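Take a look at the structure set out below.
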Amino acid sequence: MSNTSHDTPHGAGPSLWPIAFAIGVACLLLGLVISWIVAAIGAVIAVVFAVLWARDVTRDVRADVPHVEPETRAVADEPSAVAATPAAADELPPAYTRSRFLEASTIGLGAAIGAVVTLPVLGFTVLPPFTDVQESEADLGPLENFPQGTYVIASFLANPKAGEVSRRTTFVRNNGPTDAGEPSFTILYSRCVHLGCPVQPNGPIDEEATTKVNGVELRPVLAQSFGCPCHGGLYDSEGNRRAGPPVRSMDRYTYSIKNGHLVLGELYAVGNVSGTGASAQIARYPWSVPGTHVDGVEAWLYPIVPSQVTG
Amino acid sequence: MATKSKRQQMVDMAVLAPLDWIDERTALVRGTKWFLFRNVPRDVSWGQTLGSAALTAFIVQAVTGAILAMYYEPSASINPVTGKPVAYSTIEAITDDLTLGWLVRGMHRWGASVFIILLFLHMGRVFLFGAYKYPRELNWITGVLILATGMLMGFTGYLLPWDQTAYWASAVGINLNGTAPFAGPWLAQFLAGGPEIGTETLPKFYAMHMLLIPGLLIPLIGFHIYLVTRLGVTSPPWSSEAAGRERPPAQPTGAREGLVRGSGGD
């Protein structure tokens, strides 16, 4: 660094060259559109006047810095200052000064404006995943496609507008009529209740009997248990956990029969299933994220789950 | 001034005067010198370069990530031409069709692991050297935050290729968050944008990966480096100098003033 002192401001004198420089730049830019000759002329003008401008600006820097004696002032008696001090001491300083008020009101007003701007944005960021998350009912087709006593792998689009990303897989078993004579189905959701991997039926799939109706794919399978490939969770034919890390039984869908079609309703969590098929006793809970307990002491860790609030 | 050679005066004119002009208005030149030319213990080793290595890895991630963002499209809808999801199709195009796309994507993909590995090595060096002790506690704390945000980058970036591995690994990751007590189910549903991974999950993870988390990570790195510059580098635990023993005599420096101030006082 040079030894020029930092506390002496050296402003450049007035100069007309910047205007000419600007004209040169404008001419150059215009020339880029019109013709290269205009651009070249503009470039020359810009360069010439840039140099002249730089010379102008740096003139006093280039010159030898004149030696200037440091400015000094004799210390006066300062009668005014001396007189003012005792007077100020007599009066009590205000407890809440004007500057403190202005400081507090500036910060407070800034915080209020910030909150007004931030809160809607924060709400928009956080709330959508918890509102209107109900998936519409899914029509799985005529009841005849579900032979009694065996599972059928049924995959469907939960939200046709969203496309393939909303494809869900369920294991549907026609249990036959209940004692009351009504049709009964066991509909297990394929999502593992450990951490959400896709559970697979343990048995051969009858690929030749595959049917596809309106985006719904049905594949009969001979399975008496279900296994998860990710971490080794194992479920029995009622979806009860038999081995591995899952914390509850497989989730199930409610269902209804409409015009001879099997229609899936909402998803719910299952604590445990006792009995089988049509006579099964299901401990039903509001749906919750995989990995969360719905019954027992551990359920106290999840006092309020989103589905309990938003349905 | 008067004793300066003609040549020296020309250097002053061409280089130092503009720098002075800038420095007088911004203090940037002083700041840069403060940042770059600082005293370092004489017994530093390659171990102290792990932090800079991690920074370099991060810069590689930032640059390659910005380039990948020009070609990647975070959409779960199906591309009618390829019949595959748009996001996966763009990944395929980057890897197979674009000139050197495989290289940039590979750098970003493997560089992510390199970054995390270097963070851990750096952390281990700092721990073993006791460099987290007074007055450098906040270096350690910001460093841990950098590690956490770096792992968030890994988590959000993993979903973006939108293949089976990405999808199910992210499903497991999201549900792992869901098992946290009290807030877990809420956090999982927030991350997935609903009860399940859906159309909104991918752009959400993309926005977090390239905007939100870098917005957190870059200031953290800046503050971390500021603290390192302010507090200096620690000597290793076996340093006789740091143990308060007599310093060896200062070595004569041939270095030009103002350029190298590593040896001798200033």
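These protein sequence lines are chains C and E, in that order.
Quick note, the first sequence lines up with residues 6 to 316 if you use our numbering.
Quick note, the second sequence lines up with residues 109 to 374 if you use our numbering.
We treat Cβ as the ideally placed atom computed from N, Cα and C, and that holds for glycine.
Quick caveat, the model's predicted, so the values are computed rather than measured.
Problem set entry | Segments assigned alpha helix (DSSP H), at least 4 residues, entirely inside the stretch 166-228 of chain E | You should have 194-200.
Problem set entry | Beta-carbon proximity of residue 159 of chain E to residue 230 of chain E, cut-off 8 Å | Here residue 159 of chain E is near residue 230 of chain E, since their CB atoms are less than 8 Å apart.
For this session: Using a cut-off of 8 Å between C-beta atoms, extract the partners of residue 297 of chain C located in chain E.
Result: Chain E residues near residue 297 of chain C: 286, 287, 292 and 293.
Exercise. First and last residue of the beta strand (DSSP E) that includes residue 222 of chain C?
Worked result: From DSSP, the beta strand (DSSP E) with residue 222 of chain C extends over 221-226.
For this session: Run the CB neighbour count on residue 303 of chain C, radius 10 Å, all protein chains shown included, and call it buried at 16 or more, exposed below.
Result: Its Cβ having fewer than 16 others within 10 Å, residue 303 of chain C is exposed.
For this session: Please list the residues of the stretch 304-328 of chain E that have a C-beta atom closer than 8 Å to any C-beta atom in chain C, keeping them in chain order.
Result: Those would be 304, 305, 306, 307 and 308, in chain order.
Problem set entry | Burial state of residue 79 of chain C, where buried means 16 or more other Cβ atoms lie within 10 Å | Around the beta carbon of residue 79 of chain C, a 10 Å sphere encloses fewer than 16 other beta carbons of the protein chains shown; the residue is thus reported as exposed.
Problem set entry | DSSP three-state assignment for residue 88 of chain C, whether helix, strand or coil | Per-residue confidence for residue 88 of chain C stands at a pLDDT of 48, beneath the threshold of 50, marking its modelled position as unreliable; no derived number is given.
Exercise. Does the beta carbon of residue 158 of chain C fall short of 7 Å from some heavy atom of the ligand GDP?
Worked result: In terms of ligand content, the structure shown is empty, and the ligand GDP therefore cannot be addressed.
Problem set entry | chain A contacts made by the stretch 154-172 of chain C, where a contact means CB separation under 7 Å | Reference to chain A is not applicable here, since the protein chains of this structure are C and E.
Problem set entry | Pair within 8 Å by beta-carbon distance, residue 183 of chain C and residue 203 of chain C | Not in contact: residue 183 of chain C and residue 203 of chain C (Cβ atoms no closer than 8 Å).
For this session: Identify, in the order they occur along the chain, each residue of the same chain with its Cβ nearer than 6 Å to the Cβ of residue 162 of chain C, setting aside the five sequence neighbours on each side.
Result: Correct list, in chain order: 171, 172 and 220.
For this session: Tell me, please, whether the CB atom of residue 118 of chain E is closer than 8 Å to any CB atom in chain C?
Result: No - not a single Cβ of chain C is within 8 Å of the one on residue 118 of chain E.
For this session: Indicate whether at least one CB of chain C lies closer than 8 Å to the CB of residue 121 of chain E.
Result: By this cut-off, residue 121 of chain E is an interface position.
Problem set entry | Residue span of the beta strand (DSSP E) that contains residue 314 of chain C, given as start and end | Run containing residue 314 of chain C: none in the beta strand (DSSP E); it sits in the alpha helix (DSSP H), 311-315.
Exercise. Can you name the start and end residues of the beta strand (DSSP E) that residue 210 of chain C belongs to?
Worked result: First-last for residue 210 of chain C: undefined, no H or E at that position.
Exercise. At a CB-CB cut-off below 9 Å, which residues of chain E make contact with residue 260 of chain C?
Worked result: For residue 260 of chain C, no chain E residue has a Cβ inside 9 Å of its Cβ, as the nearest lies near 18 Å away.
Exercise. When DSSP builds the beta bridges, which residues end up paired with residue 159 of chain C?
Worked result: Partner residues in the beta bridge of residue 159 of chain C, as assigned by DSSP, are C/175 and C/223.
Exercise. By a C-beta neighbour count over all protein chains shown, 10 Å radius and 16 as the cutoff for buried, is residue 111 of chain E buried or exposed?
Worked result: Result: exposed.
Exercise. Mapping DSSP to helix, strand and coil, what is residue 286 of chain C?
Worked result: Note: residue 286 of chain C maps to strand in three-state DSSP.
For this session: Please decide whether residue 161 of chain E counts as near chain C, where near means a Cβ-Cβ distance under 8 Å.
Result: By this cut-off, residue 161 of chain E is not an interface position.
For this session: Would you tell me roughly how many angstroms separate the C-alpha atoms of residue 314 of chain E and residue 292 of chain E, rounded to the nearest one?
Result: One C-alpha to the other measures close to 22 Å.
Problem set entry | Rounded separation between residue 116 of chain E and residue 122 of chain E - CA only | Distance between the alpha carbons of residue 116 of chain E and residue 122 of chain E: 10 Å.
Exercise. Going along the stretch 181-200 of chain E in order, which residues come within less than 9 Å of chain C, judged by CB to CB distance?
Worked result: Correct list: 184, 185, 186 and 193.
For this session: Would you please verify whether the beta carbon of residue 302 of chain E is less than 8 Å from any beta carbon of chain C?
Result: Judged by the 8 Å Cβ criterion, residue 302 of chain E is in contact with chain C.
Problem set entry | Candidates E/270, E/341 and E/258: closest to residue 220 of chain E by CA position | Closest option to residue 220 of chain E, Cα to Cα, is E/258.
Problem set entry | chain E within 8 Å of residue 290 of chain C, Cβ atoms only | With its beta carbon at least 8 Å from every one in chain E, residue 290 of chain C lies outside the interface.
For this session: Compile a chain-ordered list of the residues in the stretch 233-244 of chain C whose CB is closer than 7 Å to at least one CB of chain E.
Result: Listed by position, the residues of the stretch 233-244 of chain C near chain E (Cβ gap below 7 Å) are 235.
Problem set entry | Within chain C, partners of residue 280 of chain E - CB distance below 7 Å | Simply 200, 201, 202 and 235.
Problem set entry | Extent of the continuous beta strand (DSSP E) run through residue 255 of chain C | Per DSSP, the continuous beta strand (DSSP E) segment holding residue 255 of chain C begins and ends at 254-263.
For this session: Starting from the beta carbon of residue 147 of chain E, find every residue of chain C whose beta carbon is closer than 9 Å, and list them in chain order.
Result: Annotation: residue 147 of chain E has no Cβ neighbours in chain C at a cutoff of 9 Å; minimum Cβ distance is about 20 Å.
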